[in-house]
Amino acid sequence: MIYAARSVTGKRANNEDSFFVPKGGEISLAIVADGMGGHSAGNIASAIAVEAVASELKKGGPGGPAALVMNAVNHANTAVFEYASAHPECKGMGTTLVMALLFKTRFVAANVGDSRLYHYHAGKLRQVTVDHSYVAELVASGYITREEAARHPRRNLITRAIGTRACERVDIFECDWEENDALLLCSDGLYSELEDEDLVRVLKESETLDAACASLVELALASGSRDNVSVVLVENGEVR
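Mapping the sequence shown onto the numbering used here, position 49 (from 1) lands on 896, and the numbers just tick up by one.
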């Protein structure tokens, strides 16, 4: 696997996003988390969640990949919730989470909140995860269009988050992928100002994953993103 990642503060005072990509021969795993909460609690929440998922998956355990992923995300929820319970100044802290456990011909993804995972195959981009947000529910119910959702005053309201309650629902996706396919994991600071066509164009035109990450972040900021911007790219291939 080939990995690249970038996370910038953007126009915010602090960067509350966290991410994970492996170093060396570690587990094949990618994670992005977008924290929320005052007094730096968002940064703490996202960091705890990312570390909890990565450490739990490195341990392994019984069951198939989907069960391991579910257990790891539940572990992250407990870790953030218990930290907030023990630190009154962090009450209400939480984070989104999107992740993928990677294998040669398939991957297992999970998400809570509105951070996304896209699958890039044969020049086309498909959103794998489903946003857990107020506007996503309105779009799914037919009350508003995707275009209206992008301008809705409550577009940043999420309906699920890691750590805000003792138990949270987690969506799991098991998907096939092929050699030279890529996965894009990102916070809403990236996709909120960009169309899918923008993402595809950058992926097609960039010579390396690092260059693609840099271009995506720069494009999001130039397009008006006012949030932290984080992106992880993974290519199903060997390091060249």
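Ideal Cβ placement from N, Cα and C applies to all residues, glycine included.
In this text, all values refer to a predicted model and were calculated from it rather than measured experimentally.
query	result
Buried/exposed call for residue 952, threshold 16 Cβ in 10 Å	exposed
Given 8 Å, three or more beta-carbon pairs between the region 1030–1037 and the region 1067–1087	yes
Between the CA atoms of residue 1026 and residue 1080 - distance to the nearest angstrom	14 Å
Residue burial classification, residue 1014 (beta-carbon count within 10 angstroms, cutoff 16)	exposed
Closest by C-alpha distance to residue 917, when choosing among 941, 933, 904	904
Residue burial classification, residue 992 (beta-carbon count within 10 angstroms, cutoff 16)	exposed
Anticipated Cβ contact below 8 Å, residue 875 with residue 949, distance rounded	4 Å
Segment limits, alpha helix (DSSP H) that includes residue 1061	1056–1069
Reduced DSSP secondary structure (H/G/I, E/B, other) of residue 959	strand
Environment of residue 1055 [buried if 16+ CB atoms lie within 10 Å]	exposed
Sufficient close CB pairs (3 or more, under 8 Å) joining the region 961–981 to the region 895–904	no
contact_flag[the region 1047–1061, the region 997–1006] where n(CB pairs < 8 Å) is 3 or more	no
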